[in-house]
Amino acid sequence: MDAIKAVFARCKDDHRAALVTYVTAGYPTAVETPEILLAVQTGGAHIIELGILFTEPLTDGTTIQESNARALQNGVPIPSMLAMKYCLEVAGRDQSEIKIYPAIESTAAMSTSCNKPNTSTPTPMASHARFGTFGGQYVPEALMECLTELEDGFTTATADPTSWEEIRPFDSYTNRPSSLHLAPRLTAHAGGARIWLKREDLNHTGSHKINNAQGQILLARRLGKTSIIAETGAGYHGVATATLCALFGMKCTVFMVVEDVWRQALNVFRMRLLGATVIPVPGAHPGDGGTLRDAVNQTFRTWVAELSTTHFVIGSAIGPHPYPTLVRTFQAVMSKLLDAVIACVGDGSNAAGMFSAFVADKLVALVGVETGGDGDATGSTHSILTGLDYLGAGPMLASWKESGRAWFIAASDEDALAAFCLLRRMEEITPAMETAHAVAGAVRVAKALGP
Numbered sequence: 178m179d180a181i182k183a184v185f186a187r188c189k190d191d192h193r194a195a196l197v198t199y200v201t202a203g204y205p206t207a208v209e210t211p212e213i214l215l216a217v218q219t220g221g222a223h224i225i226e227l228g229i230l231f232t233e234p235l236t237d238g239t240t241i242q243e244s245n246a247r248a249l250q251n252g253v254p255i256p257s258m259l260a261m262k263y264c265l266e267v268a269g270r271d272q273s274e275i276k277i278y279p280a281i282e283s284t285a286a287m288s289t290s291c292n293k294p295n296t297s298t299p300t301p302m303a304s305h306a307r308f309g310t311f312g313g314q315y316v317p318e319a320l321m322e323c324l325t326e327l328e329d330g331f332t333t334a335t336a337d338p339t340s341w342e343e344i345r346p347f348d349s350y351t352n353r354p355s356s357l358h359l360a361p362r363l364t365a366h367a368g369g370a371r372i373w374l375k376r377e378d379l380n381h382t383g384s385h386k387i388n389n390a391q392g393q394i395l396l397a398r399r400l401g402k403t404s405i406i407a408e409t410g411a412g413y414h415g416v417a418t419a420t421l422c423a424l425f426g427m428k429c430t431v432f433m434v435v436e437d438v439w440r441q442a443l444n445v446f447r448m449r450l451l452g453a454t455v456i457p458v459p460g461a462h463p464g465d466g467g468t469l470r471d472a473v474n475q476t477f478r479t480w481v482a483e484l485s486t487t488h489f490v491i492g493s494a495i496g497p498h499p500y501p502t503l504v505r506t507f508q509a510v511m512s513k514l515l516d517a518v519i520a521c522v523g524d525g526s527n528a529a530g531m532f533s534a535f536v537a538d539k540l541v542a543l544v545g546v547e548t549g550g551d552g553d554a555t556g557s558t559h560s561i562l563t564g565l566d567y568l569g570a571g572p573m574l575a576s577w578k579e580s581g582r583a584w585f586i587a588a589s590d591e592d593a594l595a596a597f598c599l600l601r602r603m604e605e606i607t608p609a610m611e612t613a614h615a616v617a618g619a620v621r622v623a624k625a626l627g628p
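In our numbering, the protein residues as written are 178 to 628.
#1: Less than 8 Å separating the beta-carbons of M433 and T409?
#2: Identify every residue that forms a DSSP beta bridge with H381.
#3: Looking at the unbroken beta strand (DSSP E) that takes in S404, where does it start and where does it end?
#4: By DSSP's criteria, T487 is part of a beta bridge. Which residues make up the other side?
#5: Alpha carbon to alpha carbon, how far is Q391 from I344? Give it in angstroms, no decimals.
#6: Please tell me whether T487 and K402 are closer than 8 Å, where the distance is taken between their beta carbons.
#7: In three-state DSSP terms, what is L396?
#8: Grouping DSSP H, G and I as helix and E and B as strand, with all else coil, what is I213?
#9: Mapping the DSSP letters down to three states, classify A583 as helix, strand or coil.
#10: Going by alpha carbons, who is nearest to F425 out of R399, L443 and S533?
#11: Taking all protein chains shown into account, do 16 or more other C-beta atoms lie within 10 angstroms of the C-beta of M178, making it buried, or fewer, making it exposed?
#12: Please report how far the alpha carbon of E243 lies from the alpha carbon of D465, in whole angstroms.
#13: Are the beta-carbon atoms of I387 and C422 separated by less than 8 Å?
#14: Is G309 near S576, with beta carbons less than 8 Å apart?
#15: Using the Cα positions of P435 and T454, report the straight-line distance between them to the nearest angstrom.
#16: With a threshold of 6 Å on Cβ separation, who are the neighbours of V504 within its own chain once the five nearest residues in sequence on each side are excluded?
#17: Sorted by chain position, which residues of the same chain lie with C-beta nearer than 6 Å to V431's C-beta, five sequence neighbours on each side aside?
#18: Kindly confirm or deny that the segment 319 to 329 and the segment 577 to 585 touch, where touching means at least three C-beta pairs closer than 8 Å.
#19: Taking the Cβ atom as the reference point for each residue, do L214 and L227 lie within a distance shorter than 8 Å?
#20: Could you spell out where the beta strand (DSSP E) holding K428 opens and where it closes?
#21: Hey, quick one: how far does the alpha helix (DSSP H) through V522 stretch, first residue to last?
#22: Cutting at 7 Å between CB atoms, please list the residues of its own chain near Q218, excluding the five before and the five after it.
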């Protein structure tokens with residue numbers, strides 16, 4: 178880093194701009210990469226960045242993604258990118274002229290070839306929140322300052338009683354805390370334990386998403402942000418975020434993959450009606466309608482360019498620290514004594530908030546119900562439901578599964594549809610199809626627990 182700063186300082190003294198170039202290691206081929214780097218150096222580049230494949234997926238655009246894919250096809254492993262002989266080829270210098278900086282001295286191949294052990298001091302990243310072996314903060318350097326600001330602001334706010342007083346006046350607006358509803362006929366149908374429904378559907382905007390959005394937007398206001406960006410899948414997080422931005426007079430931009438824009442046209446209409454800008458995001462590959470992951474990545478890319486004025490309201494317990502902790506905190510609930518807590522699981526915002534209050538109570542079973550999709554013989558889990566069709570899980574859920582604290586079952590599209598009709602018939606409550614997965618799991622668990 179000192180060497181890079183020195184280059185910029187010299188260019189500033191010379192009253193000229195610094196030329197910073199980027200080359201993907203292994204593109205177009207591994208053999209040609211050193212020649213390209215030497216040519217760039219000869220051409221007058223002040224700094225040459227050698228891109229290691231997929232180290233910054235959040236900020237890589239389509240050009241870098243394509244070059245990364247080509248380099249992977251060329252079979253370029255990381256050790257060959259970092260090996261000392263490769264550095265010597267690229268630099269065209271004697272070993273005595275090569276200086277290896279700790280920031281890139283991270284593999285055995287590099288350390289051995291350079292004959293210099295890694296003596297760099299561990300970065301603060303090592304202390305960032307983890308959940309067992311999951312979580313952490315693996316992000317581009319460009320995001321570190323803003324994430325640190327967010328973490329500091331969150332820590333200060335949660336320790337300050339007045340910050341919670343800012344939330345309470347909005348309880349009647351959002352309908353918090355949501356009520357618990359005993360479902361007597363559904364209980365009788367299951368023939369086992371009593372089934373209670375946590376009525377997040379009665380919240381303003383129709384889901385649990387407004388709880389987290391409210392907490393994060395109030396935190397963003399504390400940090401002096403004036404603009405909000407968000408990702409959404411089924412659209413409920415987008416609607417909740419747009420609603421609160423309209424309430425507080427903040428600019429709102431929501432990213433949503435192309436396929437979800439037409440699948441959730443009503444929620445798109447609601448967001449735009451509230452003054453939000455909805456930006457369709459293409460999938461990672463041509464002709465691909467995309468998944469929530471693509472929307473999340475595009476929102477991160479946008480955030481990098483607008484860090485000073487903008488806050489990214491992530492809707493799920495995913496992403497780099499401190500986001501999983503933020504979402505869990507703002508979604509957390511307390512309830513009466515229970516034998517089991519059941520929640521549908523897509524990316525985890527619902528389950529993380531629901532389960533967190535009961536993790537320490539080992540007498541309460543924590544059961545997540547994932548989508549089983551069409552349940553065909555090929556093992557496909559692609560769901561018709563946008564809200565659960567996410568290929569991943571937050572670090573808290575992953576940790577609870579690995580430790581055995583929570584267990585997870587699947588409900589197919591057919592199971593969820595049957596549960597939807599059952600709850601509508603038995604209790605005259607129309608759930609979201611995502612919630613219907615949890616209803617299917619609740620009936621199954623209630624039967625197993627018995628009266």
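C-beta: ideal position from N, C-alpha, C; glycine also.
Reading it off the structure:
#1: The Cβ atoms of M433 and T409 lie closer than 8 Å to each other.
#2: Beta-bridge pairing links H381 to no other residue.
#3: From DSSP, the beta strand (DSSP E) with S404 extends over S404 to E408.
#4: Answer is S404.
#5: Approximately 8 Å between the Cα atoms of the pair.
#6: Yes, they are a contact pair.
#7: Helix.
#8: Three-state result, I213: helix.
#9: Reduced to three states, the DSSP call for A583 is strand.
#10: For the set R399, L443 and S533, the Cα lying nearest the Cα of F425 is the one of R399.
#11: So M178 counts as exposed.
#12: In this structure, the alpha-carbon of E243 lies about 15 Å from that of D465.
#13: Taking C-beta atoms as the reference points, I387 and C422 fail to come closer than 8 Å.
#14: Yes, the Cβ-Cβ distance between G309 and S576 is below 8 Å.
#15: The sequence shown places Val at residue 435, rather than the Pro named in the question. So the alpha carbons of these two residues sit roughly 14 Å apart.
#16: Excluding sequence neighbours, V504 sits near N389, A494 and S526.
#17: Answer for V431: A407, T409, G415, M448, A453 and V455, listed in chain order.
#18: Result no; under three Cβ-Cβ pairs closer than 8 Å.
#19: Yes, these two residues count as a Cβ contact at 8 Å.
#20: K428 to V434 is the span of the beta strand (DSSP E), which, as asked, contains K428.
#21: Boundaries for V522: no alpha helix (DSSP H) harbours it, and the DSSP string shows neither H nor E there.
#22: Correct list, in chain order: I225.
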